[in-house]
Amino acid sequence: MRDVQLSSGPSQTILDPEPGDALEALQAAQDANDPVTAIAQVCARWPRMLAAWASLGDVLDEPALAYAAYRTGYHRGLDRLRANGWRGSGYVLWRHETNRGFLRSLAGLQACAALIGETDEDERCALFLRQLDPQWPPQK
């Protein structure tokens, strides 16, 4: 006799991949002499590309500007998650490469929130990251 499993656990969302030409442009932008401008141009050309927004946040020195880039990636990511079936709960795991732009944006938003004194935002983002991926932070 087999056990009946009523639930397989929380659902999981895996974002669709970014266009190949966008990924190539982002790689070239990251290697440019002026990566801030080059990555910003990638963001402008592919405004739904989460990895581009996370990368822009990564190269900005001013915490408030980085916060804005990460927040854009985070909100664009919520839109993409919903378009991929996410309904406000369930896992969005780091182990899936296509989820990383969103998770990087959320983690960057958390770090910048801490830097600019947004303690409640820092705490909300930290909790959300652990809810999305119980093994957060990822091992590198």
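Quick note, the numbering used here runs 5 ahead of the 1-based positions in the sequence shown. Glycine included, C-beta positions come from ideal geometry on N, C-alpha and C.
Query: Which of the three DSSP states, helix, strand or coil, is assigned to Q136?; Result: helix
Query: Jot down the residue ranges of each uninterrupted beta strand (DSSP E) in the region 39-122, minimum 3 residues, whole runs only, in chain order.; Result: none
Query: Quick one: Cα of T195 to Cα of G106, how far?; Result: Here the chain comprises residues numbered 6 to 145, so residue 195 is not present and cannot be evaluated.
Query: Going by the beta-carbon positions, is the gap between L55 and R76 smaller than 8 Å?; Result: no
Query: Given a cut-off of 8 Å on the beta-carbon distance, is the pair I121 and Y72 in contact?; Result: yes
Query: Can you check DSSP and say which residues form a bridge with Q17?; Result: Y96
Query: First and last residue of the alpha helix (DSSP H) that includes A34?; Result: 25-35
Query: Got a sec? Which residues, its chain only, sit under 8 Å from H101 by beta carbon, not counting five neighbours each side?; Result: I19, L20
Query: With C-beta atoms as the reference, is L134 less than 8 Å away from L98?; Result: no
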